[in-house]
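To start, the structure itself, in structure tokens.
In our numbering, the protein residues as written are 2 to 196.
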């Protein structure tokens, strides 16, 4: 991804915190000589060296992904930025946050490892509910999926949050984003002003 220096994020804690909060991404690899993308939730290993997901066995992506370098993309809040929000001349743009992970893929079928991934994903997303669903499914259902392990080789992180504009413009952008209900992007932009 193209990342001008003023938009580049290199702090690993910041990057992995972003991934944790925006863990629904795209797994991109090649299938029959074409780019192929599957949208799915991901888990990062505790040591931050691997990313895990699972695919349906009916998804053709899993049949060719073994050994490929894949790209995983994660996206955070984003929105249009009007030049009318600037105190100095500018052009229309789009502000956003994104992380790209590159890595070598491995496919696995081990039922225990698959169950652990499903249980971790379930616990993560059910924990926000007042009455979380507890995993209760037939173990044979795991035979319909395969696990994907991506060994991280490179991480790129870009927060394009008007850091190239004067501070006064950035403050105005925060307010305008709040006015249009883009609160998460406003908060992210405000955070860059404080760091």
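By construction, the Cβ of each residue, glycine as well, lies at the ideal position given by its N, Cα and C atoms.
Note that this is a predicted model, so its numbers are computed, not measured.
Checking the sheet assignment: what are the DSSP bridge partners for residue 54? 149
Unbroken alpha helix (DSSP H) runs of length 4 or more, entirely within the stretch 57-111: which are they? Fully enclosed alpha helix (DSSP H) runs of 4 or longer: 62-65.
Same chain, Cβ closer than 6 Å to residue 42, five either side skipped, listed in chain order: 24, 25 and 122
Would you mind reading off the limits of the beta strand (DSSP E) that contains residue 41? 35-42
In chain order, what residues of the same chain have a beta carbon less than 6 Å from the beta carbon of residue 158, not counting five sequence neighbours either side? 10, 16 and 100
Give me, in chain order, the residues of the same chain whose beta-carbon lies closer than 6 Å to that of residue 109; leave out the 5 immediate sequence neighbours on both sides. 148
Terminal residues of the continuous alpha helix (DSSP H) containing residue 173? 168-180
Identify whether residue 30 lies in helix, strand or coil by the three-state DSSP scheme. Under the three-state reduction of DSSP output, residue 30 falls in the strand class.
Since residue 97 contacts residue 6 with CB under 8 Å, what's their CB separation in whole angstroms? No, residue 97 and residue 6 are not in contact; Cβ-Cβ is about 17 Å, not under 8 Å.
Do the stretch 118-132 and the stretch 71-91 touch if we need at least three Cβ pairs shorter than 8 Å? Contact fails: fewer than three Cβ-Cβ distances are below 8 Å.
I believe residue 93 touches residue 82 by the beta-carbon criterion, under 8 Å. Please report the beta-carbon distance rounded to the nearest angstrom. The distance from the Cβ of residue 93 to that of residue 82 is about 7 Å, consistent with a contact at the 8 Å cut-off.
In chain order, what residues of the same chain have a beta carbon less than 6 Å from the beta carbon of residue 27, not counting five sequence neighbours either side? 38, 40 and 74
For the stretch 131-141 against the stretch 171-180, are there 3 or more C-beta pairs whose distance is under 8 Å? no
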